[in-house]
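Mapping the sequence shown onto our numbering, position 85 (from 1) lands on 144, and the numbers just tick up by one. Just so you know, even glycine gets a beta-carbon here, dropped at the ideal spot from N, CA and C.
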Amino acid sequence: MADKRDYYEVLGVQKSATDAEIKRAYRKVAKKYHPDMNPGDKEAEAKFKEATEAYEVLSDSQKRAQYDQFGHAAFDQNGGFGGGAGGFGGFDFNGGDMGDIFGDLFGGMFGGGGSRARRNGPMQGAHVRANIRITFEEAVFGCKKELEIMLKDECETCHGTGAKPGTSPETCPKCGGRGQIVYTQQSMFGTVQNVQTCPECNGSGKVIRQKCTKCGGTGYESKKKKIEVTVPAGIDNGQSIRIRGKGEPGKNGGPRGDLLVSVTVSRHPKFQRREYDLFSTEPITFAQAALGATIKIQTVDGPYEHTIKPGTQTDTKVRLRGKGVPSIRNKNVRGDHYVTLVVQVPESLTEKQKQALRAYQEAMGETSTEKKGFFGKHKK
Numbered sequence: 060m061a062d063k064r065d066y067y068e069v070l071g072v073q074k075s076a077t078d079a080e081i082k083r084a085y086r087k088v089a090k091k092y093h094p095d096m097n098p099g100d101k102e103a104e105a106k107f108k109e110a111t112e113a114y115e116v117l118s119d120s121q122k123r124a125q126y127d128q129f130g131h132a133a134f135d136q137n138g139g140f141g142g143g144a145g146g147f148g149g150f151d152f153n154g155g156d157m158g159d160i161f162g163d164l165f166g167g168m169f170g171g172g173g174s175r176a177r178r179n180g181p182m183q184g185a186h187v188r189a190n191i192r193i194t195f196e197e198a199v200f201g202c203k204k205e206l207e208i209m210l211k212d213e214c215e216t217c218h219g220t221g222a223k224p225g226t227s228p229e230t231c232p233k234c235g236g237r238g239q240i241v242y243t244q245q246s247m248f249g250t251v252q253n254v255q256t257c258p259e260c261n262g263s264g265k266v267i268r269q270k271c272t273k274c275g276g277t278g279y280e281s282k283k284k285k286i287e288v289t290v291p292a293g294i295d296n297g298q299s300i301r302i303r304g305k306g307e308p309g310k311n312g313g314p315r316g317d318l319l320v321s322v323t324v325s326r327h328p329k330f331q332r333r334e335y336d337l338f339s340t341e342p343i344t345f346a347q348a349a350l351g352a353t354i355k356i357q358t359v360d361g362p363y364e365h366t367i368k369p370g371t372q373t374d375t376k377v378r379l380r381g382k383g384v385p386s387i388r389n390k391n392v393r394g395d396h397y398v399t400l401v402v403q404v405p406e407s408l409t410e411k412q413k414q415a416l417r418a419y420q421e422a423m424g425e426t427s428t429e430k431k432g433f434f435g436k437h438k439k
């Protein structure tokens, strides 16, 4: 028994693990190494057998108590497993617990058919995707847009049955209306039940002998529809809006899918957005920077008056609280607007302006030949 790994180690659980934790751990390992998932892989098959052996012991309170006390020696050739290292003969794969586990893992392929889902039950329709483009301002404050798309709707001729008027769909004779057929085969684990979609009715449980000529037996026809999309304030580029019940029709009485509208926001020539904050630059003159002034800053709400202090330097940052983008969850909560003030140097001057600047130089003790520069000397 020295070559066998500890059962708790095999399942990756602590010795104090509960029955539920052991079952979850085995389900995970069994799914990973099951031979059907790893055809021809002998190593995976060996690990699956090892995990199943460990679970067969640890899931039984009496066997687990014996194992905790005596280890692998509790199940030697005279014990309950009937065979040395890796013995597989004593495992009961027909037990209800094993059947439930394999049913959970592989959708009812193993064990009884009680856990198999009916394929012809109500199913929600597929989601439909669409795109809209909005302006920067529309994203900030919200808007309404009209979207025109093709959507499936119930056929007006057959009223969604898919059958020619005067006839009706019949119960599939191959699957008896279940939408699935079950067949059994022998495997290394004993008798295995496999489930597949009925090829006769494609899982619907119904067959249409005489199809509706208008919809071709689908029960639906595509129509162009106009849908109003409410864009919430604060939405960002790439985000989506879900409109419930505006997607494809459901099957077998299931609800319609949803319409998912992806939003593209156009760039703004002045503002940049980071989450709910806005950023921009605002030019000011040298005189405004030196003497101070009240200027108008462009915001998404319109011009905003702001007083700059005398001696303001270029690249000074101004924070306008609450002038950013509204929160998409609460439009009354807004981000901030950060403005960078940039002192503009005039590119061309009149003779009168040049004389005034020369007078300023002389007043500052500068000469036109000094290399420190106009703003460098002023900043000093």
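Cβ neighbours of residue i in the same chain (closer than 6 Å, five flanking residues each side left out)
i	result
glycine 219	Glu213, Gly278
proline 94	Glu104
tyrosine 67	Lys74
phenylalanine 330	Leu337, Ser339
glycine 166	Model confidence at glycine 166 stands at a pLDDT of 47, short of 50, so the residue's coordinates are unreliable and nothing is read from them.
cysteine 217	Cys271
glycine 71	Ala84
threonine 289	Lys203
isoleucine 302	Leu318
tyrosine 363	Ile356
Counterpart residues of residue i in DSSP-defined beta bridges
i	result
proline 291	Note: proline 291 sits in no beta bridge, so no partner.
tyrosine 397	Phe338, Arg378
tyrosine 363	Ile356
threonine 323	Arg192
isoleucine 286	Leu206
lysine 270	Ala222
isoleucine 302	Leu318
aspartate 212	Glu280
tyrosine 242	Asn253
glutamate 229	Val266
arginine 332	Leu337
isoleucine 343	Val402
lysine 310	Met182
valine 23	Nothing about residue 23 can be reported from this structure: the residues present for the chain run from 60 to 439 only.
serine 385	The sequence as given places proline at residue 385; serine does not occur at that position. Proline 385 pairs with Arg393.
Same chain only: Cβ atoms within 7 Å of residue i, ignoring 5 sequence neighbours per side
i	result
glutamate 287	Lys203, Glu205
glycine 155	Here the model assigns glycine 155 a pLDDT of 44, short of 50, so the residue's position is not dependable and the matter cannot be decided.
proline 228	Thr220, Gly221, Ala222, Lys265, Val266, Ile267
phenylalanine 107	Ala89, Tyr92, His93, Pro94
histidine 327	Phe195
threonine 69	According to the sequence as given, residue 69 is valine; it is not threonine. Around valine 69: Glu109, Ala110, Ala113.
isoleucine 294	Ala198, Val322, Ile387
arginine 123	Val116, Leu117
Cβ-Cβ separation, residue j to residue i (assumed contact under 8 Å), whole Å
i	j	result
isoleucine 191	proline 291	Going by Cβ atoms, the distance from isoleucine 191 to proline 291 rounds to 13 Å, so no, they are not a contact pair.
alanine 346	threonine 371	In fact, because the Cβ distance is near 11 Å, the residues do not count as touching under 8 Å.
lysine 273	glutamate 280	7 Å
threonine 366	threonine 353	5 Å
isoleucine 343	valine 402	6 Å
Beta-carbon contacts of residue i that lie in its chain and below 8 Å, excluding the five residues immediately before and after
i	result
serine 118	Asp78, Ile81, Lys82, Tyr85, Asp156
valine 187	Ile208, Leu210, Lys305, Gly306, Glu307, Gly316, Asp317, Leu318, Leu319
alanine 189	Leu206, Ile208, Leu318, Leu319, Val320, Ser321
glycine 351	Thr366, Ile367, Lys368, Pro369, Gly370, Thr371
threonine 243	Thr250, Val251, Gln252, Asn253
*Touch check for the segment 228-248 and the segment 258-274: three-plus C-beta pairs under 8 Å?*
Taking 8 Å as the limit for Cβ pairs, the verdict is that the segment 258-274 does touch the segment 228-248.
_Segment contact, 8 Å Cβ cut-off, at least three pairs: the segment 376-392 with the segment 326-341_ = Flag = yes, the segment 376-392 and the segment 326-341 touch.
*Is the segment 313-322 close to the segment 182-200, with three or more CB pairs under 8 Å?*
Yes, since at least three Cβ pairs between the segment 313-322 and the segment 182-200 fall closer than 8 Å, the two stretches touch.
*asked:* If we require 4 or more residues per run, which alpha helix (DSSP H) segments fall completely within the segment 83-132?
replied: Counting whole runs of 4 or more residues, the segment 83-132 contains the alpha helix (DSSP H) stretches 101-117, 120-129.
*asked:* I'd like to know if the segment 72-85 and the segment 114-121 are in contact, where contact means that at least 3 CB-CB pairs between them fall below 8 Å.
replied: Judged by Cβ distances under 8 Å, the segment 72-85 makes contact with the segment 114-121, as three or more pairs qualify.
*Would you check if the segment 411-423 and the segment 374-385 touch, i.e. whether three or more CB-CB distances between them fall below 8 Å?*
Proximity of the segment 374-385 to the segment 411-423 falls short of the contact definition, fewer than three beta-carbon pairs being nearer than 8 Å.
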